[in-house]
């Protein structure tokens, strides 16, 4: 059962003096009343001839009128083959104009899309589709045979050929999954409470878990973005994140809401800093959004000084900590844009934010805070007994409000444990992130609760060790893992990437850590790498690093 806590907590909003920093307040608070597909319909009416989506790699580009027409075609195809409100439709295809069309067509049919990593093992993708009992799937022709091989027990017949080498395929309906309640009445398009998408994230059991978002929870986040970032139809948004990653929600729906252009960046180009730097200049990108790892690659290897990036007005980053020295380097190349640190797990969308100051003091070495609570959410910090802590004390960040997920797909007990309930019955999502709140409501990120270990009787936050390593002038990247050890109880391994043209030694690293950390936090081993493995969403793959340290 979820714990019961007092509802007497502060509500931090953009409109409060402590958190505005000159930003306008978002126009709406509380549950959003529209739908994601309505955003497209409105822009088709207002901006029919403007380019909606552009793919520089293939040269494809379509107007809002064309996107609306193609969305309608796919909606009709889905309904003709028996899709119903609340059904899930899998999406397994590389990023393309046609994939964007598929997503909006699925939403327009009142179904929910379930995107997977097209480059992941077919067995994993088949497992995800089976878990949420997809009724149908939109699959790239080049991937369908592998998917069929991975799931021989299902009849994955082709129902219809779609545009641009996509297929509409029979799904993997699982009889053990209870159907959602039937729609109350026929209506044009979805309603705010309809399921919109399920994003699968890594689970602690080793099996991915599906995060359920409705149109209302997604739109609540989109509306907040509108109020803070003030997009217009003249903006050109990057779409760097893959569609199975939560950063894609901003990429997809904020530009569509405002009649702006979405510029697709495929996976191959997305990890090549030189090509990315060129693309940003050629496409005149105005709003960039990605993980800090990608921005660090751009700053270190993109030769940014060669290009005219004066079109950029916003640089948004999320998903992991951005070491200050790398952020400072990037701002030296790109001094004009405003920079925002966005924070929030997949389960909440973005729930806190901070605008980075125009000038970063030389004395600043610690990462910037994750900032203030977004307008449509409320936050609190609790201790291990689920009691609210005082400002300045560390605790787990919990979130409630319009942007929060409905729950985990087909995991009622996991969903129940993910929330703590106050005496009024309000659910607060447990982020698992340890933070510290300042007097003005700004949150400092301390680290993951599950990355905190006990060593020699002391609590050790692995992110704190990483932050110390980043202060070394020769270290470009650092990652620390903890493993059981027979002698010491816990062994700390520090993985290090040295800056270009520099060399580091184990002795030097040990000495530096001893000068900057308590002895119980000094890593036992230093392992030097040319680069770190990354997950499909561009974050450091800690599990792969940890596994390599055991061999």
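Residue numbers (my numbering): 1197 to 1747.
Positions of the beta carbon are idealized from the N, C-alpha and C atoms, including for glycine.
query	result
C-beta atoms of residue 1409 and residue 1583 nearer than 8 angstroms	no
Continuous beta strand (DSSP E) stretch holding residue 1240: start and end	From DSSP, residue 1240 is part of no beta strand (DSSP E) but of the alpha helix (DSSP H) over 1232-1242.
DSSP-derived helix/strand/coil call for residue 1503	coil
Collapsed DSSP secondary structure at residue 1715 in the structure displayed	helix
For residue 1301, the three-state DSSP class (helix, strand or coil)	helix
Burial state of residue 1696, where buried means 16 or more other Cβ atoms lie within 10 Å	exposed
Continuous beta strand (DSSP E) assignments of at least 3 residues falling wholly in the region 1659-1694	1671-1681 and 1685-1694
Cβ contact (3+ pairs, closer than 8 angstroms) linking the region 1353-1364 and the region 1384-1394	no
Residue range of the alpha helix (DSSP H) that includes residue 1350	Premise fails: residue 1350 is in no alpha helix (DSSP H) and is neither H nor E.
Beta carbon of residue 1368 nearer than 8 angstroms to that of residue 1347	yes
Three CB pairs or more closer than 8 angstroms across the region 1605-1617 and the region 1548-1562	no
Burial state of residue 1289, where buried means 16 or more other Cβ atoms lie within 10 Å	buried
Simplified DSSP assignment, three categories, for residue 1256	strand
Residues that DSSP places opposite residue 1594 in a beta bridge	1576 and 1626
Extent of the continuous alpha helix (DSSP H) run through residue 1324	1318-1327
Residue 1481 and residue 1459 closer than 8 angstroms at C-beta	yes
Residues that residue 1449 bridges to, as DSSP identifies them	Paired residues: none, contrary to the question.
Given 8 angstroms, three or more beta-carbon pairs between the region 1311-1320 and the region 1349-1362	no
Presumed contact (8 angstroms Cβ cut-off) between residue 1691 and residue 1725, rounded CB distance	6 angstroms
6 angstroms CB neighbourhood of residue 1587 in its chain, flanking five on each side removed	1633 and 1635
C-beta contact flag for residue 1264 and residue 1237 at 8 angstroms	yes
Residue 1499 versus residue 1527: straight-line alpha-carbon distance, rounded	14 angstroms
Cβ neighbours of residue 1244 in the same chain (closer than 7 angstroms, five flanking residues each side left out)	1259, 1260 and 1261
Beta-bridge partners of residue 1336, as assigned by DSSP	1362
Contact check, residue 1749 vs residue 1639, beta carbons under 8 angstroms	Any answer about residue 1749 is impossible in this case: the structure gives the chain only from 1197 up to 1747.
Selected residue, minimal CA-CA separation from residue 1230, among 1343, 1413, 1671 and 1267	1413
Presumed contact (8 angstroms Cβ cut-off) between residue 1645 and residue 1656, rounded CB distance	About 13 angstroms separates the two Cβ atoms, so there is no contact after all.
Buried or exposed (CB count within 10 angstroms, at least 16 for buried), residue 1571	buried
Backbone CA spacing between residue 1574 and residue 1662 [nearest angstrom]	30 angstroms
Where the beta strand (DSSP E) through residue 1385 begins and ends	Here residue 1385 belongs to no beta strand (DSSP E), and DSSP marks it neither H nor E.
Residues near residue 1740 in its chain [Cβ-Cβ closer than 8 angstroms; skip 5 each side]	1729
Range covered by the beta strand (DSSP E) that runs through residue 1308	1308-1311
Where residue 1268 falls: helix, strand or coil (DSSP)	helix
CB contact flag (residue 1484, residue 1510, <8 angstroms)	yes
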